[in-house]
Structure formats: C-alpha cells, structure tokens
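Novice: Chains as they are written, first to last, in my numbering: chain A, 11 to 774; chain B, 1165 to 1456; chain C, 3 to 167. Quick reminder that beta carbons are idealized off the backbone N, C-alpha and C, glycines included. This structure is in structure tokens; I'll ask about it shortly.
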Amino acid sequence: MNNVSQLLVGHPVERMEDARFLSGSGLFVDDLERDGMLHAAILRSSIAHADIVSIDTSAALRMPGVHAVITAADIGGEIPVIPLRLAPLPEFEPFRQPVIAADKVRYVGEPIAVVVADSRAIAEDALEAIDVQFEALSAVTGRGATEDALFACADDNVSLRYSAGFGDADAAFANADYVRTERFSVQRHTALPMETRGLLAEWDSSSARLIVTGATKVTFYNRRALAKMLDLGQDDIDLIEIDVGGGFGVRGEFYPEDFLIPFAARKLARPVKWIEDRREHLMAINHSRDVACELSIACRSDGTMLGLRGAVFSDMGAYIRTNGGVVPAKAAQFLPGPYRIPNVSVSVETFMTSKTPVGTYRGPGRFEANFFRERLIDMVALDLGIDVAEIRRKNLITEAELPYPIDGLVPYEGPTSYDTGNYVEVFERALLEIGWRDKCHLQGRLIDGVRHGIGLGCFVESGGAGPKENAALTLERDGSLTIAVGSSVLGQGLETVLGQIAADTLSIPFDRIRVLHGSTTLLDEGFGTYHSRAVVMGGSAVLDAAKKLREKILEQAANHLGRPNSELTIADQHVVAANGASVSLAALATEQVLSADGTFANTTRTYSYGTHAAHVTVDPRTGRVEILDYVAVEDVGRAINPAIVHGQAIGAIVQGLGGVFFDHLVYDEEAQLLNASLADYLVPTASDFPRLRAVTLELRPSLTNPLGAKGAGEGGIVAVAAATANAVAAALTPLGVEIHHLPLTPPRLWRLIKDARDRTPTAA
Amino acid sequence: MKLPPLDYIRPVTLAEAIAILAAHGGDAKAIAGGQSLMPLLAFRLAAPELLVDIGRLPGLRHIDISVEGVDLGALVTWRDIERDARLTYAHPLLAAAIAHVAHYQIRNRGTVGGSLAHADPAAEMPGIAITCDALITVVGPNGTRMVPANEFCLGGLSTVLEFDELVTNVRLPPWKQNRRWAFEEFARRRGDFALAGVAAFYDIDQNGTMRDPHVGVIGVGDRPMRLSVVENLLEGKSLDAGLILQAAALARDAVDPTDDIHAEAAYRRDMVGVLLERVLARAGNIVLMEAA
Amino acid sequence: MTRTVAVHLTVNGAAATISVEPRTTLTDALRNELRLTGTHLGCEHGVCGACTVIVDGAAVRSCLMLAVQAEGRDVRTVESLGDAAHLGPLQLAFRKHHALQCGFCTPGILTTAHALLSEEPDADEDRIRDVISGNLCRCTGYIPIVAAIMEARSAYLGVQAEAAQ
C-alpha cells in the first residue's frame, strides 16, 4: 500500500492547471482561430417590451465584409424555445424563451438578429445599420397585474404559485408568546465571471457534423437540447469544453446564443465565433437573486422557536430559462436553516417582468434565505432581550437530532434530511474566532466617529446533487494516466482535485496525470458541474474508476510476474511483487489496454453547514462600512485539497460581500438597464475587503459518498449577507435603524439613519 | 465593443495638430492618453472620423515650478505628478488630490490636458484648477488664449474649447508657505469617481485669522464649482468648531446635485457638508465632536 | 472598410511589424495579429485590468490604447514573464499562494505586479493592494494575490540590488 506520507488527498497540493494560466498559455474560447472563421455580433433589443413591426437588414447586408444577417424569419418553422433543465414544471412552459425574438421583445438585451461578418468590428458596424421598427408596450418592472400583460396566459404576470411546509404553522402562531413579521429583499445582481461567454461553432458539411467549443457546466444536457433544435442526432454534435474563466452558476446554461451561433455556422458552412462583450453580458447572461420575502416567526418568550412562515416573491424577469424556479424554491426551502423549528409553512410566487431572465448564481436562494432568517432572529433577540448568540445556541439542531428531516418544503422534490454534523460546535468555533466574548460589548458603540457592530449568520447548505456522474481512466502506454470525467471545470481547480484522488488510489505521480473534462467526446454521458457536486459526484466516479483500474493493473501484473494479486503493490510507476520482481506500468499498458469506467450514482444530498461572523464599523455620517474582521467557519465533511477549499471560501466571501455592498443591476421604470458597464456595475476590488478569514473543518464526513465530501463551492457565500447585515444593523441599532433590504450602499445607509433620526428627533 | 471605423494621424507639431483639427471641422478629435476617450469609443458614444494623436507632441510634458506657480504641460500624466517629489512642497493640494485619480494603469496614461478637456464633473484635476484659480492655456488656429479655470467648464462634459483648440498648459498660482489646506473625497471604491469631493485652503494672517480662503467641490453638479458663499463666511475669521458647522450648512445649501444610480441628490448635498467639516477640521487642526 | 496602417514595435524583446486598422486596440493587435493570447479582454472599456501589458516599463490597459499608438514602443506581455516550464518568481509565488483560480484575470494581474515590483520592489501591502485594485478578480477574493506579490518582492529586490552594482 501507499506510504501514508505520500498521499495527496487532504493536502494542499499545488494545482496542475496553474502553470498554463500563469504563463498566458491557457486556452480560452476567444483564443481559438480557424481558417475561414467568421465573427458574430448580436442585435439586442434596446426596448423592454414591444411588438416588432419590421426588421430591415438590407443596409447591413450590403456592407462589405458582412456575410449574413439572421433574424427569426431565417430560422424557418417554429422558433425553438429554451428548455427547462431543472424541475421542469408544466406551469413554466408558456414562459420559456424563444432563441430569437420574432414578433415581440420582452427585455432589453433580447436577441433580434445575428450579424456574421469578417471581423467582430465589421459585425458591430452592421448592427448599427439594421432598422427595427417597434410598437412600444408598457414595461413591467414589479409584481402585479399591468396594463400590457407580458404573456396572454397570465394577465397578472404570475407564472407559478405554491405552498408547502411541515408541522402546523397556524397552530404554532396562534399559541405563541411572541410573533413578528418583517419584509426583506435582496437586489437583482449577477455573478460576473471575468471571462464573458463565447462560442466557436464549426459545421462540417461533408459529414454533417457540428462541433461547438466554449461549452461548459452541463454539456451533455446542452447537446441533447441543441440536437433537438437543429434536428440533428446527438452523435452529430460535439460540445467541447476548454479553459473557462469562471462560472459561478450563470455560465454554461443553454442560452439563445447556444442555438444561434451553431445555426449560423451550419447556414454559412463556415466556422463562426461569438464572444460576448461586457455590455451584452450584463444584459444577456442570467441575472439572479431579486427575491423578496415576508417572513414571520413564532417563539416562546424565552426565544424557543415554534413556527416559521415565509412568503417568497421572485422576479423571474422576462422568461423562465433553464433553471426554472430554483432560485425562489431554494429561498423558501432554506428559510428554516439549521434551526429546530417544528412548524414551517412556505409559499412561493414567481412573477414575470420586463427584465433579463433569472437563473442560478452561487448559493441560489440560500444567500437570500439566510439573510432573511438571520436578520429576523436578531430582531427577535432584541425584542425578547436575549443575546443574539444565545438565541441561536438554544435553537440550533443538535447532533443527536441528526439526520433531521426537512421534507416537503419543495413540493416537487422528494424527502431530504440534514445528514451529519455538529452545528453547535461549529457555531461556538465561529464565536471563538471572532472573539465574541471580548467584543460583544462593542455592539453599537461609537468610537472615533464610527459605530461598531458584530453579526452572526448560521447556515446549512446542500450539495452533491445526483443523479450520477461518470469517469473513464486510461493507463497510457507511457505509463501516464488520463482521466476523463463528465464534470465540468470552470476554474475551480477540479483537475487537481480529481488528479489527487486518482493518484492516491493508483500510486501514480501527480505530474503523470492528465484530466480531460466536460466535453461530450469523452464519455457517453456526463452530468456536469452545479450545486457543489463536482467533487462529490465526479470525484466519487473517479475514485470508483481508479479502484477498478487498480484491480486491472494488478491482474495484468499478476499474469506478467506470475505472482498472486495479494503480493503486489504499485510503487514508483511499477508494480512490485513481494519477492522484489517488478514491471513498469508503461510495460503493462503496452501489453494490454488498461482502462476502467467508473460511475457514482446518488440521490441523497449532502449538507455542509457553518457560521459566519463579521465585525464591522459604520461611519454614520457617510454610510461607509468597513469590515474589521470576518470569519467563515464551515464543516465540508472532507477537503480533498484544503488550499483549494480555502480559496473557494475566501473568494465566495468576497463575492458575497459584493452582493451586500456593491453588485446591483439597476433598472428604471421603463425597464432599461442603467448600468451595463463595469464603470457602473460595481464589484469588490482588492482594497475593499482585506481582512477575511475562512476556517474549513472536517468534523463530520458525509455518509452519502465514499470521499466523505459535502461540496465546498458555495458555503462561503451563503451566510455573508446574513452575518454582515446583522453586524451593520447591530452597529446602527442605537440610531433606531433596522436593515431589511440589500444592497447596503453608503447612500442607502445614510438614508436609513436620516429617516430614523427624522422619526425620533431625540435619538442620538 | 469594437471601436467604430475611424482614421488616425499623429502630427509632429502643435501647429500641425491644430491645422488638422481645424481642417476636419469637428469630425476630428484629439487623443493623448485616451483614458476617457477610448471607453466612449468602445461604447460608440463618440464616433469621430479621425483621431489626432497629440500624445507625442514636444514640449507639453513639463512640470515647472517657479515664482509664477506650478505649470503642468497638457501631456503630464498622473504618474508624473505622483513621482515628482517637489510637488509635495510646491503644491501639496494638487499632489493629494491627484493621488485619488483612477488606478495604477490609468494613471500611467491619463493626462492633465485630457482630464481638463473631458471635464468630468467629478474629476479631480478640473476641480483643483477651479479651486486654485488656475489659468488654462488654450491654443487654436488664431493663437493662444488664457482661460481662467472657473470659466473653462460650461457644463457636463462641456468646455469653452472649440473643436480646433487644444489645452497646452495649466498654471496653478504659487503655493504660499504655511498655507492650511485639506482635500477629501468620498468614492464607492478606491479609484472610482467621487460621489462628492471638497478641496479647501486658506492663509493665516498675523492675527490668526483666515485670509483668501478657497473652497471647491467636485461630483455634486454638472461641473466643479467654488463655494464663494463659504469663502466669504470664512474670510477674516478664525476657524473654530462653530464656524466649521456654519460653513458646512452654507455649503449644503450652495450645491444643487441631482439623483443618479449611485446616490440620491440629498446624499451628495449632505456629503458636501460632511466633507467640508472634515476638510476644515483637518486644515485647522481642530477636533470636531461629530454628532452620530 | 478603413485603411490599414503598418505599426513597428518591440514585443517581448523582438521587433514586430503589424498591419492594423487604426481602430484596432493594442489588445486586439497582440491577440489577433501576433497571436499572443495570454493578454485577455474582460471588459473592453478600461475597468477590469485583464488586458494590462507593460509599455515602455509602465503598466497600461491595452484596451484603452490603439495599436497605432504603440508605434516604436517596447511592449511586454504575460508571455515574457516565464513559460510554463520556466515560471518566474512572481508566477511561482502565485502558484504557491493559490492566487489564481480560473486564471482569466491572472495575466493582467501578473503584468501589473511585475511593473510595480520592477519599479518599487519594496512596495508595502497597502501599496500593493492599492495598485491591484485596478484589476478585477471574481474567484480569489484578492487576499492570496496580495500575499503572492508580497512574497515575490524579494526576487525583485535582488534584481534591483544587482542593477545597482
């Protein structure tokens, strides 16, 4: 067996992908060039809601260097609609998005035409020459019925309503000592990966085959969808995943361009590349969050939680895209969080507006739900005169109560339970890390012109969604190992993590391992990367394949060396027998094809959990918040590569702080997006949040998978709004300020302080 | 976001540059560092037929310090100012304000002349020019004219520059010894345009009273402006906490900001007061007990 | 179609002549004409810093510079800092500190940091943060990036000491 000190799993191994990224030799889709390649640009609606009266492309077509201008009329037949990938509820079907607008536009940014030209610059020149006549309709920017309904089937613009729950919330509220109801909201924002989307589509007329490079996340699903739309067989299409500059949930879903660019390539029989520019990115890629909630809690006067009622309202934008209603469904499901609340009732209403459609962004629904609940808990604690740590300690689910069923909060999902954990221990660790005991006297204190606040936020976070993942391992003739996996790599270091898993099982040096991922050419079927599933599912599939391959290698070596398997070990790229005889892996692979397929199927979700704690100051005169200290403590079950997990956590905290203080897609009353540039859509920079810490624990491995992993990509973000907003609220409590809505921009905090002061002129 | 079709020329003399601009009657645009113009072109918010690159014209990248004051050539970059240690003494207000301009890479290319010509209402350079009563040298086909900074900006991104004129120099009057000053701005993030900014300085006479106070604000109107009502209040008085609060109240009333996506007007108005309090307190070394 | 202009410049130490439309940015010229695809475009309007290259020793946003403006200039891109088999000190520090994830913003951060440390090898943490605040990264949270640049300083201090001798 392996020498323990050589095991890679559990160690902060340097990443195998880094050398290429650091030397500028990564390969991103815009780096690709092909003979005869043309460039596409997309004419997007400049108006939020209108009938299209006419589209005149003749002037654009006459421009030198323009090869085609494709509109709905050129698609022929019925315009394909983007399918619902997750939870395909029949209620959502009428609201699905056509891949190109034919007679109506419903949001600013909706594709109307595709120009294909010799260069992107010429294509953009031609966009300006296309004349579209609109008949404007009134735009819808909020919840409720409107003059011009967006869809004929829903004159109130509501696409879905449901209620769910467990226990008897009505009885709990009727009998409680104390009840409080508040309304909260999280603003519309998006993930903003640094690489915008891009595709290169190549059509081979002779073989009638299509290759699309730039795909990611769920390539096999997207291939099925594309094949249907183009009336091709699945095997006639390959989706290729190369280096991807960040995903965070938004990239890789099936978007209109995932049809339009391949369509253009087939029509012109030329390679066509489309690289989304940042302006179109902000109006075209999925937006997210944009959830409001009316949340009520029923407690005993000692703070014991008895019941929770939550009504979630979600602005879905103009269409329901691939993610369906995941964002509001998860916002509702995670309202109770890690607390023992016996009676829970939730409702969800999704409504349509004239804005960019919504999809998932890192921690979908959880970021929002944790903010709503943890804010309300602090309000309850204040009302009841209980310390905010004590009220949490009292209500956290104990280890003895696990597994803890939280069935029935999503009507179309089966039963699920929080699996393993010690919520209280992790909570206490966070208190220790932030220095709660020494600092809690600072709450609300004004020191040198700024007010201090310390806030807490607890969470549980699901991961490792099934159904399945596949991997194939091949021992190459040079003794190196190739791993092919259906999981997608979007920059999170998955190649390294999967390599570590295989290296340990097969005793093959890390630098002799190559990881191929995502592409539909690699495997018959793959399931992709979302819901913090890549390590849990893909990692377990690789482990399964590696174990099988190990057996095959030993078997072949047994034949070669004439010794029984039980006497053989793999070491230093050789199989060595107890008697000292050995054969190299390369020799074995030359004798016989040595490969193995692995799979991992699992419908049981993992639940990581943790607590975030923030110490902030607020300048009450400017509204500026400074983070003095921030710590996120999470039990991820098992960290294959602690450095990668830590990096995920820190990165996610900063992304979350962006959602608290900066990221905001602002629309006016005509549903025009007002900040489609990075000068106006603000995200955190290096100087904003320099003092953050993440503590990754491996207290309670998951029992659902052989690695014990729980998924680690999202726990860093899900409680950021909760802890930070509680800290800001604690700082401003003496001024009579309560926090209900994000983002916490300086002008907004200033307004809250001013309004509180105007209400009670004596407060100081 | 590719640039619209355009042509490019790089004249070697100032006269040639102006002749080209004049010959194209407004369809040509000067470019130097391009840090304001290039984003406008990328968004196709500007589409000149011709870019006239003045970035290598000789004799426009000087920082001269003399009894006449501080002369900055139009092609002086923010980085040039940052690296010129003399300015810490010769014009500390300029040095402090310019430290807030944009980011490292922009600072290597952005120029004094470009910033003045672009005239963003939240930009530091036009604000300092106005606060300091700078004189801006403008050269056109008919020769040279000197424009006082407070007459230079006409409104949002609009100046007295004709299409065939270029800024060549800005002269800040000499900085007096023992002058009291401070600069404060409030931006959402490091390097962003300020939501509001205040610059102030004054001299002290032998009686300890303020003489010749200058107070300028950026980011709270369609152009940078002087707060003469505040200057009049301060003139001849000695600074104390009460006077500071009085000045801040006047300042709030003197500005007329508008709402935008980053802040409501009332916030910017209040920030002018808050920042002026902080600026005057720092300049006068006075500890203010800030309410809140 | 507008005319094309010949531009003569030095890129990563080698003379190059390219023919571009005047509207071509330096980024597009490097990527498309010279196939130096390590320089990335993240926003094309001068905010994200992914396109940062070093022109005559100064870090600049190459999307805010026309290729024709680089006539006669010395341009250095991420490719000049060390190839995959021979990473330079800054690159090694980034790997050690896990200062990159997706790697898309990384070239612009490396060129920025290289320009900074070449000029100010003793830059303190605040200065490094301040400078790097002109580069957006969505993966790392910046903390490991700052740590990596801090660590790489010693290599640049050495270079400066050698140059002084």
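Run through DSSP, which three-state label would Lys227 (chain A) get?
Specialist: Looking at Lys227 (chain A) - three-state DSSP - the assignment turns out to be coil, as it is neither helix nor strand.
Novice: Any idea if Pro574 (chain A) is buried or exposed, counting beta-carbon neighbours within 10 angstroms, 16 or more meaning buried?
Specialist: The Cβ neighbour count for Pro574 (chain A), taken over all protein chains shown within 10 Å, is under 16; the residue is labelled exposed.
Novice: Which residue's Cα is closest to the Cα of Arg233 (chain A): A:Thr426, A:Ala111 and A:Gly538?
Specialist: A:Gly538
Novice: Does the stretch 79-91 of chain A come close enough to the stretch 108-128 of chain A to have 3 or more Cβ pairs within less than 8 Å?
Specialist: They touch, by the three-pair rule.
Novice: Within its chain, find whatever has a CB closer than 6 Å to the CB of Gly119 (chain A); leave out the 5 residues flanking it on each side and keep chain order.
Specialist: Arg54, Met293, Ala294 and Thr366
Novice: Quick check on this structure: which residue in A:Ser529, A:Gly154 and A:Leu500 has the alpha carbon closest to the alpha carbon of Arg372 (chain A)?
Specialist: Looking at the Cα atoms, A:Leu500 is the closest of the given residues.
Novice: Give the secondary structure of Leu1214 (chain B) by DSSP, where H, G and I count as helix, E and B as strand, and everything else as coil.
Specialist: strand
Novice: Who are the Cβ neighbours of Glu1395 (chain B) in its own chain at under 8 Å, not counting the five residues just before and after it?
Specialist: Excluding positions up to five away in sequence, the list reads Pro1377, His1378 and Val1379.
Novice: Name, please, each residue of chain C whose Cβ falls closer than 8 Å to the Cβ of Phe1207 (chain B).
Specialist: His47
Novice: Indicate the three-state DSSP secondary structure (helix, strand or coil) for Gly725 (chain A) in the structure shown.
Specialist: helix
Novice: Where does the unbroken alpha helix (DSSP H) through Arg171 (chain A) begin, and where does it stop?
Specialist: Premise fails: Arg171 (chain A) lies in the beta strand (DSSP E), Val168 to Phe176, not in any alpha helix (DSSP H).
Novice: Which same chain residues, not among the five before or five after Gly375 (chain A), have their C-beta less than 8 Å away from its C-beta?
Specialist: Val301, Val336, Val337, Pro338, Ala339, Lys340, Ala341, Ala342, Gln343 and Phe344
Novice: Within the 8 Å Cβ cut-off, does Gln71 (chain C) reach chain A?
Specialist: no
Novice: Find the residues of chain C that neighbour Pro1169 (chain B), judging by a C-beta separation of less than 7 Å, and give them in chain order.
Specialist: By Cβ distance, chain C contributes Thr4 and Arg25.
Novice: Verify whether the separation of the beta carbon atoms of Glu479 (chain A) and Gly528 (chain A) is less than 8 Å.
Specialist: no
Novice: Is Ala1293 (chain B) near Ala1313 (chain B), with beta carbons less than 8 Å apart?
Specialist: yes
Novice: DSSP puts Lys283 (chain A) in a beta bridge; with which residues?
Specialist: Lys283 (chain A) is bridged to A:His49 and A:Leu210.
Novice: Across the stretch 280-292 of chain A and the stretch 349-356 of chain A, are there enough close Cβ pairs to call them in contact, namely three or more that are closer than 8 Å?
Specialist: no
Novice: Is Lys1340 (chain B) buried or exposed, if buried means 16 or more other CB atoms sit within 10 Å of its CB?
Specialist: exposed
Novice: Can you tell me which of C:Thr114, C:Leu36 and C:Arg25 puts its alpha carbon nearest to the alpha carbon of Pro1203 (chain B)?
Specialist: C:Arg25
Novice: Can you tell me the Cβ-Cβ gap for Ala606 (chain A) and Leu675 (chain A), rounded? I've got them flagged as a contact below 8 Å.
Specialist: No, Ala606 (chain A) and Leu675 (chain A) are not in contact; Cβ-Cβ is about 47 Å, not under 8 Å.
Novice: Confirm, please, whether the CB-CB distance from Gly620 (chain A) to Asp645 (chain A) is below 8 Å.
Specialist: Yes; because the gap between Cβ atoms is below 8 Å, this pair is in contact.
Novice: Could you compute how far the alpha carbon of Ser517 (chain A) sits from the alpha carbon of Asp582 (chain A)?
Specialist: 7 Å
Novice: Between which two residues does the alpha helix (DSSP H) holding Ile1289 (chain B) run?
Specialist: Looking at the sequence provided, one finds Met at residue 1289 (chain B) rather than Ile. Note, Met1289 (chain B): alpha helix (DSSP H), Glu1288 to Thr1295.
Novice: Compare the C-alpha of Val39 (chain A) against each of C:Thr39, C:Val55, C:Gly59 and C:Asn137 and name the closest.
Specialist: C:Thr39
Novice: Would the stretch 198-213 of chain A count as touching the stretch 258-272 of chain A if we require 3 or more Cβ pairs under 8 Å?
Specialist: At 8 Å Cβ cutoff, the stretches touch.
Novice: So, for Met26 (chain A): in the same chain, excluding its five sequence neighbours on each side, which residues have a beta-carbon less than 8 Å away from its beta-carbon?
Specialist: Glu505, Thr506, Gly509, Phe520, Asp521, Ile523 and Val525
Novice: Using only the alpha-carbon positions, how far apart do Leu713 (chain A) and Pro1168 (chain B) sit?
Specialist: Straight-line spacing of the CA atoms in Leu713 (chain A) and Pro1168 (chain B) works out to 59 Å.
Novice: Quick check on Ile147 (chain C) - is its C-beta less than 8 Å from some C-beta in chain B?
Specialist: no
Novice: Closer than 8 Å between beta carbons: that is the criterion. Which residues of the stretch 57-86 of chain C meet it against chain A?
Specialist: Thr79, Val80, Glu81, Leu83, Gly84, Asp85 and Ala86
Novice: For Val7 (chain C), decide whether its Cβ has a neighbour in chain B, counting only Cβ atoms nearer than 8 Å.
Specialist: yes
Novice: I need the boundaries of the beta strand (DSSP E) containing Glu359 (chain A), first residue and last residue.
Specialist: The continuous beta strand (DSSP E) containing Glu359 (chain A) extends over residues Asn353 to Phe361.
Novice: Would the stretch 168-188 of chain A count as touching the stretch 306-314 of chain A if we require 3 or more Cβ pairs under 8 Å?
Specialist: yes
Novice: Kindly give me the distance between the Cβ atoms of Ser135 (chain C) and Arg1271 (chain B), rounded to whole angstroms, as I take these residues to be in contact under 8 Å.
Specialist: Actually they do not touch by this definition, with Cβ atoms about 12 Å apart.
Novice: Using a beta-carbon distance below 8 Å, is Ser120 (chain C) in contact with chain B?
Specialist: no
Novice: By the 10 Å Cβ neighbour count, where 16 or more other Cβ atoms means buried, how is Gly59 (chain C) classified, buried or exposed?
Specialist: With fewer than 16 other Cβ atoms within 10 Å, it is exposed.
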